[in-house]
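Have a look at the structure below, then the notes.
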Amino acid sequence: MSGTHVGSPIAARVRHVEALLEHRGLLDDGEIDRRIDEFLAGGSPANGARVTARAWVDPGFAERLLADANGAIRELGLSMSGGLQEQRLKVVANTEAEHNVVVCTLCSCYPIALLGPSPGWYKSEAYRSRVVRDPRGVLREFGLQLPGTTRISVWDASAESRYMVLPRRPAGTERLGEEELAGLVTRKGLIGTAAV
Ligand code: FE
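Residue numbers (our numbering): 4 to 199.
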């Protein structure tokens, strides 16, 4: 395995399992690395931004996205499978009354297909433990001050389920086209640690 966890006990165990699978002829040498590279190559926050902009300009798409995100992103040629087993995606929409933020309290599960590799802070112990206990305080540290009347929902990702936040369309963007709108969306906005 390549990546940041080389040398950690879990990487050694994974490498051991890979070696066993290869030894038994169930995997050819390097197949997992190739699959992961393919998966990561396709993943970028530009995908999540494209999904968001489409939802902003097309209410029908927004409705389908919130009801069945896996099906809706397929309309844009995107998928949560990346050559491996498909992960269930749920998109949660910010409103005036509710702000959503995503975390993986157990490890670092993240919708890579739509957001690319996760930022370091997302994987940090501090973020993972604190955003659950004190979401408002954590968001304030990110520079996001929410009105006291806005409820904050924290979504905990897992191996099978991934979440993406649908930010609110900023005021004054009525004249912008879909591509320009996509350019306004940030990775933090899609995780919920920024407004957009
Ligand atoms: Fe995780």
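Ideal Cβ positions, reconstructed from N, Cα and C, are used throughout, including at glycine.
8 Å Cβ cutoff met for Ala-185 and Ala-52: yes
Residues bridged to Glu-99 (per DSSP): Bridge partners of Glu-99 according to DSSP: none are assigned.
Residues surrounding the ligand FE [beta-carbon distance to nearest heavy atom under 7 Å]: Cys-107, Leu-109, Cys-110, Ser-111, Cys-112, Ala-160, Ser-161 and Ala-162
Three-state secondary structure assigned by DSSP to Leu-187: coil
Nearest-angstrom Cβ-Cβ length linking Ile-155 and Arg-139, presumed shorter than 8 Å: 6 Å
Of the listed residues Glu-89, Glu-144 and Thr-189, nearest to Ser-121 (C-alpha basis): Ranking Glu-89, Glu-144 and Thr-189 by Cα distance to Ser-121 puts Thr-189 first.
Helix, strand or coil at Val-20 according to DSSP, with G and I counted as helix: helix
With 16 other Cβ atoms within 10 Å as the buried cut-off, status of Ile-13: exposed
Closest Cα partner of Ala-100 within the set Thr-152, Trp-158 and Ile-115: Thr-152
Member of Glu-177, Arg-165, Pro-173 and Thr-176 whose CA lies at the smallest distance from the CA of Ile-194: Arg-165
Local Cβ density within 10 Å of Leu-169, reported as buried at 16 or more and exposed below that: Around the beta carbon of Leu-169, a 10 Å sphere encloses 16 or more other beta carbons of the protein chains shown; the residue is thus reported as buried.
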